[in-house]
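In the UniProt record's numbering, the protein residues as written are 1 to 1263.
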Amino acid sequence: MMGVCRNEAGLSQNCPYSSAPMPFESVDTESQLRQICPRLFENNSTVSFCCDEKQFKIFQKRMEVPRQMLSRCPSCLSNFMNLWCQFTCSPYQSHFVRLLETGEKDKFSIKNSVYVKKVEYYVDEDYANGVFESCKGVRMSTGDFALKTMCGTDFESCTADKWFNFLGRANKNLGIPFDIRFSLTKERSRHGNKTFDYMQSRAYPCNSSSDLSSSPCSCQECNASCVEEPMYPDLESIDCKIATMDCQDAFHLAILGFICACLMVGVAGKYVWDLMTRDDNDNIDGEIKKRVFSLDRLIQKIFISYAKLVMERYTFIFFIFLVLGFACSFGLLFVNLTTETKSLWTSPASSSRLQESFFENNFKPFHRIEQVIITPKDTRPLEVDTFESEDNAGDPDFLGPVFRDTFFKEAFSLNNAILRLQTSKNVSLEDVCYKPLEPDNKHCAVMSPFNYFQNDLDSIDGEIEGEFAIFNFRTHLQECIKNPFSMKTSFKMSCFGQFGGPIHPYLVFGDFNDGYESAKGIMITILLNNSVKSEENRAAMEWEETLIKYLKRVKSDIFRISFMSQRSIEDEISRQASSDVIIVALSYVFLLFYVSFALSQYQVPVSDDLCTILINTKLTLGFVGIIGIALAVTSAVGICSYWNIETTLIVFEILPFLIVSVGVDNIFLFVQAYQRRDRHDIPLNERVCEIAAEVMPSMLLTSTAEAICFSFGAISEMPAVRTFSLFAAISIITNFILQITLFFSAFVWDAKRQEEGRLDMLCCIKLRPERPYRESYMYNVIKNFIAPSIIIKPVRIFVLILFLFWFATSLLIVDNIQLGLDQKRSVPDDSHVYSYFRDLEIYVNVGPPVFFVLRGSFDYGDPQLQNLICTGNGCHKDSLGAQINRASRHPELSNVAHPVMNWLDDYIEWLRPSANGRCCRRYDSNHTFCPSLVPENLCHSCGVDYVDGRPRPDLFYTYIKSFLSSNPSVHCPTSGHALYSNAIKFASKSDRIIASHFMTYHTPFRHMADYFKSMESAKFLANNITKFMNTELGLMGHPPIDVFPYSFHYVFYEQYETIVKAAIFQLICSAVSIFIVAAILCDMDPWSAMIITITVVMSLINQLAMMYFLNIDFNAISVVNLIMSVGISLEYSAHTVRAFVSIHNPSRIERAKESLALIGCTIISGITTAKGGSLLIILFSHSKIFNVYYFRMFASIIMVCFTHGLILLPVLLSFIGPPPSKNRPDYYGARRALPPRIPSLIDEKDSAVQQHLVAEDKEHPAA
């Protein structure tokens, strides 16, 4: 063959030629041929060829695209180019090329002769296999294998035979003008009178040098070059971790905890030695000594004096603090409520937030993603005929249910309906979508299997009869799955999407067992433009809202859909918060009625007038108490709002639970202390002072300790924990203040009302007061049944063993608690996002993109520095690109699923001068940049000189912006606009690059742990890259740089790097603060403080174990709950210990019984029943977070604190309780000295007047 005899649509077909080869007339043309085909000149310096100059120019142009695709591996490129050089121009062409078919002259003919239509090309089988082996690892700029584009089938099934068959098949779209039948052989072939040899040449292995380069292919393109590549590290094996903490940090925390424990035990050791006697009696006279100065007595005197003041000015104090409470609550009008998810979980100063801010401000936020998953209801496989070749045509084959006609057409209609959606303001998808090839192509980037048909629904109805089979939309899908870069399938359609880019099957098919053809679901992914400025996203958010509303209305008997929009999470959180307001409100309405009811006494009256019951009810007082608690919360929020402190929904959802628990407990302490002192012979003023001296110091102890504990949380780096802890500390303080002022004033008024016989809520009606029974039913049950059962010695020993076993077991399993927040729990069950998260784990095959950002002073034009980043020939084996690509070869360890998309590699190739290249060109007329689609006769090459395979440094930056603005095309696939338009940040007044990023993808996330592991692996990889590059830069005398990874989910999961360490540190500080505060406020009694601290710590550890058994994840919400549980546990234990040391009885056992009965009835009827009842209402919430973190965890907190406070603590006190204190009057002891009162009638005839017969009370001193 020689010359061109026919030209149709730019494709030239050769002329049959049987004469001798001829030399080129032009020396320049021969020089160009020598550069491209050096092996043709191996034997002679000047030779003749079987191609003319015009034919060579066409060949040179046709080889430009393969050169760009294969240039990363010089050995492969040399072998591939030589294959076609021999076929096109070899003087021995007739020895291995046989003419099979010619065509007659037609309107496209150039010469009056026939033209070549089909030939056979005999190639050495070893050479063909060598070419294939050298090229099979070469990747394109997208990270895909080059053979995926050049083989006509999927990469996994590509072989040398399939590759050469595809290369020889006539295809106008690929520039193959006629059929070339490749015969890979090791033997000569005889046809007619002629024997044909086969083309023989050396195939350079990819790990060796070639005639095009003295360097072998890099490890990234050639596995054989990776013989010394170390095994990719497994972070779980090389990093010593305990619950995400470095072992060193865990060891430091353990040492800190041990030192604190030793100090507390040492301080309390003297008490242990003194109190561990052989019998159960305390030697009161010997052990109790009245101190010269007693802080506890001073505190009691202060509160007694204060109580006297309240008795005189209760109305004034009530209204003053009511006004102050409302004044503070007025700050709610200025509340700074944040619902932005990232603001809830990460601090603005955290590294992930700073890196995210750097990325978004210097590049651009990643696209807004809208995704729809469509699955057929008929999941049976579909049986079809195969079509691949004559050998298997007609054989049965099975496809996934998504290939069924009815499903595919119905889903196709849904796809097109989505693309046509418009908002009420006429905002369409085209107005807000991402268009990667704009302005050349103005279609939106939509990833779906329907884009294999360019979103044309009518196109799938046709059929084309082939040589061996009938081709339809299913065969087209199968061919596109195997080769998404196919320009034309057997169905006569392109696989490229309407927007001009390829549709990778892993992005659109899901849940397959044996290849994408067995898929059970399909996905539609739409990319919208995104901006840092929220106002610029309004149009996109409006379209997203329209999309959500439309998809919620979609109903079908054929398919099921799940979907999520970029705005879906925040919408669902807002909707969930709104819907749960009613649930929360109902729970607090229940509290209001319960507290008001439970505070009252309902003994049957002595007289016949049932109205006297209303004298002893506490409905008004209970209402005031709940209002005061609510006012404490609103005051705290208002105070913080005045200071412009951000708050979150967690504050409004959890904080009331805590304050109600503390406040209700205090309310019951006040009221039941009054009811115990129902004494006619002691003036009310004295009884109120006793109540103040009994209850208020205990409140001061718990409130001070809780406020200090929460204050430690306010220094946390997690916004949710920090905000809650700050608000909780202030709320505890405001609650204490309002309860000793507002509520105590109301309490004094209510006591006076009751003493005067006035009806509750109808205080203007006055009756003769009756004395109710002194003992409550709950007290009698605990006193007579529960306490004696627990304090029996065998039971006490069993309780200790049981709780110690529980504690030891908890220590063993706390490390197994799952970190994170399951996405499915963040939304209600009826949310469309919930079903999407469920399907996401099944159908999605690739994870989110991850960007490795390089920032700092770095000269990308310096060839030596280029070698630290690039991935191709001549690059450092540990370069940035090399390390990321190495990680992608071990996705199970690195969580990197795809080779890096390296703009530097493509730019170097894009700049490379070529006689017929269409990449870097300038117009002949004005020397401005010339796009690749402009005809070649109007432009010329940029002519950038290359030295050792690298562009001249002084010309590197000249054309880089043109590279970033140029769209890829069939003439220049390496142009950078589609992939890299936002990958480089230039200095404001120069072309200097101040930052750039290199993108790849994570592996798909199937479990919650994958999110954290992916971030950890990416940071490990980025740190290694940074260390390597800074080492090399230091040797070269350049300043250091920084490389960090960024993916949009990192900002939510960075907290889990430190959450365990921060939580443990905070809880250690809380335990120490409880011990110190309790020791001081318990009248310098470290042993009482030690028992309180032990109870709180054990309940906390056991609560952690309950989280494991109840499948509650460890995250910011659960940490907030754990901090809250410290306060609740303190409420359950501190009052009991204080009552224990206040009872002047020589026996620990008796004091344990009495303190359990006294405080136990308060705790059971107060905090336990009140919160237990309100929790039942939360069960009706649709919110998973409410059900898990509020009902399930709150219930477990109540249960754990209840068992530790009312079972373990009395047992501990009965064994090693501290002695009674004479600095504290025996307010509880007077109760034992009173005989039971028996009501009777003074005058049976007078039924209109109710009276009590009060027996003489004889005072007996406490034993």
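Beta carbons are placed, not taken as given, at the ideal position from N, Cα and C, and that holds for glycine.
Here the structure is a predicted model, which is why all the values come from computation and not from measurement.
Of the other Cβ atoms in all chains shown, 16 or more fall within 10 Å of the Cβ of A146; this residue is therefore buried.
By DSSP's assignment, Q371 forms a beta bridge with T525 and M564. The beta carbon of S413 sits closer than 7 Å to the beta carbons of L457 from its chain, once the five residues preceding and following it are set aside; these are given in chain order. By the Cβ neighbour-count rule, I259 is exposed, with fewer than 16 other Cβ atoms within 10 Å of its own. The alpha-carbon separation between A720 and E479 amounts to approximately 51 Å. Excluding sequence positions up to five before and after A995, its CB lies within less than 6 Å of the CB of N362, R855 and K985, all in the same chain and listed in chain order. According to the DSSP secondary-structure assignment, Y946 is paired through a beta bridge with P951. Looking only at A1009, A261 and D906, the smallest Cα-Cα distance to T974 is reached by D906. In the DSSP assignment, C151 forms no beta bridge with any residue. For F56, the enclosing alpha helix (DSSP H) has its first and last residue at E53 to R62. Sequence-distant partners of S894 (beyond 5 residues in either direction) whose C-beta falls short of 8 Å from its own C-beta, in its chain, are Y232, A887, S888, S1017 and L1021. Residue environment analysis places G152 among the buried positions, since at least 16 neighbouring C-beta atoms fall within 10 angstroms of its C-beta. DSSP assignment within the segment 1115 to 1184 yields the following whole alpha helix (DSSP H) runs of 4 residues or more, N-terminal first: 1116 to 1142, 1148 to 1163 and 1169 to 1178. Judged by DSSP in its simplified three-state form, P230 adopts coil rather than helix or strand.
Inter-residue distance for M199 and L184 is about 10 Å (C-alpha atoms, whole angstroms).
Bridge pairing for C939: Y923 [DSSP]. DSSP, read as helix, strand or coil, puts I730 in helix.
In chain order, A897 and T1003 place their CB closer than 6 Å to the CB of P891, counting only its own chain and leaving out the 5 sequence neighbours on each side. In this model, E690 and I302 are separated by some 12 Å (Cα to Cα). Only buried fits T734, as 16 or more other CB atoms lie within 10 angstroms of its CB. Under DSSP, N336 takes part in a beta bridge, and its partners are E646. Taking each of S357, G175, L1208 and Q355 in turn and checking the Cα distance to M1098, the smallest one comes out for L1208. Around the beta carbon of W910, a 10 Å sphere encloses 16 or more other beta carbons of the protein chains shown; the residue is thus reported as buried. In its chain, beyond the 5 residues on either side, A411, I522, F559 and I561 have a beta carbon closer than 6 Å to the beta carbon of I374. Its Cα nearest to that of K1019, the residue S1047 stands out among M1008, S1047, N1030 and I993. According to DSSP, residue pairing for K766 in a beta bridge involves R758. As the crow flies, the alpha-carbon of T142 is around 19 Å from that of C76. Every unbroken stretch of the alpha helix (DSSP H) spanning 4 or more residues and falling wholly within the segment 666 to 713 is given here in chain order: 684 to 713. Rounded to the nearest whole angstrom, the C-alpha separation of P66 and I960 is 22 Å. Inter-residue distance for E120 and M2 is about 16 Å (C-alpha atoms, whole angstroms). Taking S932 as the centre and dropping the five residues before and after it, the same chain places the C-beta of R918, S969, H971 and C972 closer than 6 Å to its C-beta, in chain order. Between the alpha carbons of R380 and G515 lies a distance of about 16 Å.
Straight-line spacing of the CA atoms in D179 and E465 works out to 20 Å. Burial state of Q248 is exposed, judged by a 10 Å Cβ sphere holding fewer than 16 other Cβ atoms. One Cα belongs to F1012, the other to D822, and the distance between them is close to 12 Å.
N415 places its beta carbon less than 8 Å from that of N455.
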